[in-house]
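Visitor: Here it is, the structure, as structure tokens.
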């Protein structure tokens with residue numbers, strides 16, 4: 003059983019909701035990331051989503067796009083992110099790690115080379131925003147070879163046919179985008195998201211995590227009541243563009259504690 007499957011199964015057994023925390027690797031400097039990941043786990047994160055910095059992040063709002071710029075300016079690239087994961091794994095061998103990014107760097111590195119190094123580093127899953135399932139066949143063969151789970155997105159605009167197609171290829175969990183927009187958008191329609199998530203869950207045994215628009219205890223609790231977990235990113239990343247690394251680190255940790263407490267109130 004993969005680390006992702008094991009973690010979601012364990013949470014389901016205890017009746018808890020997964021808290022998935024996103025950070026941009028290397029933001030604002032490479033040395034910041036690994037200690038932050040450890041502290042987010044200690045604060046209550048169940049799964050770590052680590053952003054691969056990319057120059058043209060089309061699905062990301064301003065906060066995460068700027069985080070990618072800072073990370074790239076500090077010298078972080080995709081292979082160095084894998085080194086960070088390997089460093090994290092020296093201490094934590096249980097917390098699942100999903101990389102989130104874009105296809106171009108993998109094309110340059112090569113699917114086989116990337117997947118092998120990712121597996122050796124301790125990566126569990128991969129979400130490429132700009133790789134639809136229809137075009138993921140070649141990469142998926144390599145991911146299966148190295149026991150890496152492909153994570154796919156579903157959205158309010160996903161048709162019934164698209165939902166079925168994604169569910170045939172996805173492993174690990176389904177990432178449901180709760181709104182029509184980029185990361186950090188505020189226009190979260192709780193009712194619509196709840197209806198769509200219920201529709202997806204009726205068709206799969208995979209866990210469904212919801213992201214985009216989760217920003218506080220209230221939205222986390224509302225979405226946690228209908229999904230298997232919530233994914234939070236912008237509110238963790240944004241402080242690194244506004245404060246010193248130490249202050250931003252502390253703010254991110256406190257936010258995870260806040261969201262963890264809210265999710266644990268769900269019966």
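Numbering (my numbering), first residue to last: 3 to 269.
A virtual CB, placed ideally from N, CA and C, is assigned to each residue, including glycine.
1) Would you list, in sequence order, the uninterrupted alpha helix (DSSP H) runs of no fewer than 4 residues that lie entirely inside the stretch 28 to 111?
2) For residue 213 and residue 179, which I take to be in contact (beta-carbon distance under 8 Å), what is that distance rounded to the nearest angstrom?
3) Specify, as a first and last residue, the run of the alpha helix (DSSP H) that residue 250 falls within.
4) With DSSP run on the structure shown, which of helix, strand or coil describes residue 22?
5) Once the 5 residues before and after residue 201 are set aside, which same chain residues still bring their CB inside 7 Å of it?
6) Hey, could you find the ends of the beta strand (DSSP E) residue 210 is sitting in?
7) Roughly how many angstroms separate the alpha carbons of residue 195 and residue 102, rounded to a whole number?
8) Quick one: what's got a C-beta closer than 8 Å to residue 244's C-beta in the same chain, skipping five residues either side?
9) When the Cα atoms are used, what is the spatial distance from residue 187 to residue 92?
10) Buried or exposed for residue 9, please, with buried defined as at least 16 other CB atoms from any protein chain shown within 10 angstroms of its CB.
11) Excluding five sequence neighbours on each side, which residues of the same chain lie with their C-beta closer than 6 Å to the C-beta of residue 226?
12) Considering Cα atoms alone, identify which of 141, 94, 90 is closest to residue 111.
13) Which runs of the alpha helix (DSSP H) fall wholly inside the stretch 124 to 193 and span at least 4 residues, in chain order?
14) If we count Cβ pairs, one from each stretch, closer than 8 Å, do we get three or more for the stretch 121 to 138 versus the stretch 147 to 155?
15) Report buried or exposed for residue 86, applying the criterion of at least 16 other Cβ atoms within 10 angstroms of its Cβ.
16) To the nearest angstrom, how far is the alpha carbon of residue 77 from that of residue 30?
Guide: Let me spell this out:
1) 32 to 45, 64 to 75, 80 to 91, 105 to 111
2) 7 Å
3) 247 to 265
4) strand
5) none
6) 210 to 213
7) 22 Å
8) 250
9) For residue 187, the predicted structure reports a pLDDT of 47, less than 50, and the residue's modelled location is therefore unreliable. The matter cannot be settled from this model.
10) buried
11) 19, 232, 265, 268
12) 141
13) 139 to 147, 162 to 171
14) yes
15) buried
16) 10 Å
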